[in-house]
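Those protein sequence lines, which keep their order, are chains B and L. In terms of this note's numbering, the first sequence opens at residue 1 and continues consecutively. In terms of this note's numbering, the second sequence opens at residue 399 and continues consecutively. Each residue gets a CB set at the ideal place from its N, CA and C atoms; glycine is no exception. A short worksheet on the structure shown next.
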Amino acid sequence: MTELDDFRSEARTWLEAHAPASLRGVRGGELDGVWGGRKAVYTNPDQKRWLDVMAERGWTAPEWPREYGGGGLSRAEAKVLRQELAALQLPLPLIGFGLTMIGPTLLQYGNEAQKREHLPRVCRGEIRWCQGYSEPASGSDLASLQTRAVLDGDHYVLNGQKIWTSYADEADWMFLLVRTDPTAKKQAGITFILMDMESPGVTVKPILLISGSSPFCETFLTDVRVPVSNVVGEVNGGWTVAKALLQHERTMIADAFGGGAGAGASRGLQAWARHSLDFEGGRLADPALRDRMAQLELDTRAFLLTVQRSRDAAKAGHAPGPESSMFKIYGTELNQRRQELMVSIAGPEALGWEGEGFSPEALDLTRQWLRSRGNTIEGGTSEIQLNIIAKRVLGLPA
Amino acid sequence: MTLILSEDQELLAKTANDFVREHSPVSRLRALRDRSDPDGFSRDLWKQMAELGWVGILLPERHGGADMGLADLAVVLEALGRGLAPEPFLSTVLLGAELLSRGGSEAQQAAWLPGVAEGGRVLALAHQEVGSRYDLRRVCTRAERRGAGWQLQGEKIQVLDGHVADGLLVLARTAGHERDASGRTLFLVPSGADGLRITRQHRIDDRNAALVAMDGVEVGEDAVVGAVDSAGDLLETVVDRATAGLCAEMLGSMTRIFELTLEHLKTREQFGVPIGSFQALQHRAARLYMELELCRSSVMAATRAADAAAPDLAGLVSLAKARCSDTFLLAANEGVQMFGGVGMTDEYDVGFFLKRARVAELTFGDAAFHRDRWARFQGY
């Protein structure tokens, strides 16, 4: 314990010495969420300074090895660091798919050259990544993907279309799945490859969602030349890499909803109730809404306890189970239920799209509700996750 | 609070599960029912459970107990729940003995607790009345001073293990009106007392319950447990802890019926394939699995909060009871449906789980009651 205590006081001293004053106590606000990359826009110059100083220390990716730009911390030390960041209410210096998805995958499957080329640039926030998995005809049935990669000397030539590419219009590199052997059985002919988005032949078109925002894009690939050395893992062996990355993606989504569905969110719900509903004798007057609120809060608490239990088990050395599918389903459904309920509670105030007569909070609520409907689709639908639980956890026959 | 079992608890769970597999499959409860056993449980097995240290697990060592926690007892209760064991843990260990060890006098403890710990004596809490539902404040039974003691008048219903109990802890009103928080007092009444009429009741789950009618029952001042007029805090703490224990038992029962259902899905064939290969059933099973996992986390949190006497104990108990009430019933209903026609027969065990699910749900508050209680704690 003493070594951890030493690390805690060292981390605290260092953070207090290096964190820009303007970022202290602002966690959870609009200064959160620096994605980095060549096109990064910083609303406050201190965000960039914060990113640089943390990257220099290796603490944008605390658990990655030092030789690749990480902090080389143990899991326990990384937890202490997170706690100290939270104690000072400091925003994370950097977020994104480089840290959560491609980084862990490269550490697992990348060769030495790939790790040295890409991981430090992720840690420093220089390169922003996007994910090229889904195609118009390959959603849940991902392995049916048709984007072709044909060998031409020391390059592959890519042709096809990716869809639902999150933030492709802001990303610098894409990790994607391509078909390198059209004659092999579905999964067997797929290769995992890394592509610079500035390569000639890449076109990106944002997709307007029902919520009015465009977090996803279509990405068109026309004779895009990608070096053979960008293949991760084996040629035609990309499905193994793809599945490992999906595991990281589900964990990321589960983490996001595991944290986001916490007490803060629940206060949001209660705050809406106090704003919009009648109270009589200290009780919410509408018993039906009261019951729905309690049900949601209880389910949220039980969910968070289950996330904690899984982490406690991992810490105690138990092999991680297939929790990520469960957390993906339950976390996203909880978020949807919360958004639905908040709209019900807000009432007609939640019907505004833009303009006068609606508060910014109500407009935001409405957009969040619309956006949340996608939570159970993106990153593997709930139905696909239920299939995974049925087969891998419960052992039900195919 | 760490939500994993300690090594000792893992060991205890294994011992308890082996014991239940060997001595207490559901067929034992069925046999007790079929022969209309006058005790409704096995005194011999109860004795064995006491020898294993389970009956006195919460009691202090000086009264023959093991001085362990509710999180420890929970792994035993979970195992017993798997076999729907009808032994009087809830009435005697979680309610009666807890009330005495937390609120009773030294003399009351010395007179009763060693007998409980060795598996000899059974206790019961007589609190429920016609119309009181889950409201512990709603007490009509009166106790009035008579000379140096008290005289009790009233009727209690569905007293768990009432007809096999050696001593009853009777909740009576000594002041105020029917729904007042104050003015409630607990009395320890021997089951042979004059004026006490105990009649066995038969409920759907084949566990023991009784009507307890008191017509001028006389007890001394030494029968008062805790302080006169102020049983409220003691009672609420003990009932919360007991409810957490009940949830652990429910967790074992729902886990078992889910396992039986999965086994059926894997072996029952229709259209030439196991019915568990159908996606409609797979998804229902997968959803039920998630609900069970959330139950387990809630039960672990509630029992650990009880051991830590945490300030949010009551909230965590409501969380566990709301969740276990709904999920046990869901698991049992899904069991009947997925077993199909045979799930409706008395010959199969599914029905025993369904009936127990309903009784456990309506003991110390159903899910709606506990959601409302949670909302009250939250200030809405």
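- Taking the beta carbon of Asn111/B as reference, no residue of chain L falls within 9 Å; the closest one sits roughly 38 Å away.
- Within the region 741-752 of chain L, no residue has its Cβ closer than 8 Å to any Cβ of chain B.
- Between Ala646/L and Ala472/L, the CB-CB gap stays under 7 Å.
- Exclusion of the five residues before and after Val241/B leaves Thr105, Tyr109, Phe192, Val232 and Gly233 as the residues of its chain whose Cβ lies within less than 7 Å of its Cβ.
- Leu4/B and Arg82/B have their C-alpha atoms some 13 Å from each other.
- Of all residues in the region 297-309 of chain B, the ones placed with a Cβ closer than 8 Å to any Cβ belonging to chain L are Glu297, Leu298, Asp299, Arg301, Ala302, Phe303, Leu305, Thr306, Gln308 and Arg309, in chain order.
- Leu88/B and Arg38/B have their C-alpha atoms some 29 Å from each other.
- The beta carbon of Ala346/B sits closer than 7 Å to those of Trp272, Ser276, Ala362 and Leu365, all from its chain and outside the five residues before and after it, given in chain order.
- For Glu405/L, no chain B residue has a Cβ inside 9 Å of its Cβ, as the nearest lies near 10 Å away.
- The three-state reading of DSSP puts Gly513/L in helix, counting H, G and I together.
- Close to chain B, meaning a Cβ-Cβ distance shorter than 7 Å, are the following residues of the region 705-725 of chain L: Leu717, Ala720 and Arg721.
- Looking at the DSSP output, Lys554/L bridges to Val610/L.
- Inter-residue distance for Gly565/L and Thr490/L is about 10 Å (C-alpha atoms, whole angstroms).
- With a threshold of 7 Å between beta carbons, Leu660/L makes contact with chain B.
- Residues of chain B whose Cβ lies closer than 9 Å to the Cβ of Trp444/L do not exist, since the nearest Cβ in that chain is about 33 Å away.
- Unbroken alpha helix (DSSP H) stretches of 4 residues or longer found wholly inside the region 443-504 of chain L: 468-480 and 495-501, given in chain order.
- Of the other Cβ atoms in all chains shown, 16 or more fall within 10 Å of the Cβ of Asn606/L; this residue is therefore buried.
- Judged by DSSP in its simplified three-state form, Trp772/L adopts helix.
- Around the beta carbon of Phe669/L, a 10 Å sphere encloses fewer than 16 other beta carbons of the protein chains shown; the residue is thus reported as exposed.
- The C-beta of Pro397/B comes closer than 7 Å to at least one C-beta of chain L.
- Apart from sequence neighbours up to five positions away, the residues of its chain that approach Pro120/B with a beta-carbon distance below 7 Å are Tyr68 and Gly69, ordered along the chain.
- Identification of residues in the region 166-190 of chain B having a C-beta nearer than 9 Å to some C-beta of chain L yields an empty set.
- Interface with chain B (7 Å Cβ-Cβ cutoff): Trp452/L is excluded.
- For Val393/B, the neighbours in chain L by C-beta distance under 7 Å run, in chain order, Tyr687.
- Within the DSSP bridge table, the entry for Pro227/B names His155/B as partners.
- Under the three-state reduction of DSSP, Glu16/B is assigned to helix.
- Beyond the five residues adjoining it in sequence on each side, Pro136/B comes within less than 7 Å, by CB distance, of Gln161 and Ile163 in the same chain, given in chain order.
- Shown here, Leu94/B sits in coil according to DSSP, grouped into three states, outside any helix or strand.
- Its Cα nearest to that of Glu112/B, the residue Asn230/B stands out among Asn230/B, Arg367/B, Asp286/B and Ala288/B.
- Taking C-beta atoms under 8 Å as the contact rule, Glu84/B and Arg179/B fail to qualify, at a distance of about 46 Å.
- The beta-carbon of Asp312/B is placed less than 7 Å from the nearest beta-carbon of chain L.
- Residue environment: Arg419/L is assigned as exposed (fewer than 16 neighbouring CB atoms within 10 Å of its CB, all protein chains considered).
- In this structure, Ala570/L keeps its C-beta atom at 7 Å or more from the C-beta atom of Gly581/L.
- Scanning chain L for C-beta atoms nearer than 9 Å to the C-beta of Asn387/B yields Gln677, Gln680, His681 and Ala684, reported in chain order.
- Gly560/L places its beta carbon 7 Å or farther from that of Ala591/L.
- The shortest C-alpha to C-alpha distance from Ser425/L to any of Gly739/L, Asp620/L and Phe750/L is the one to Phe750/L.
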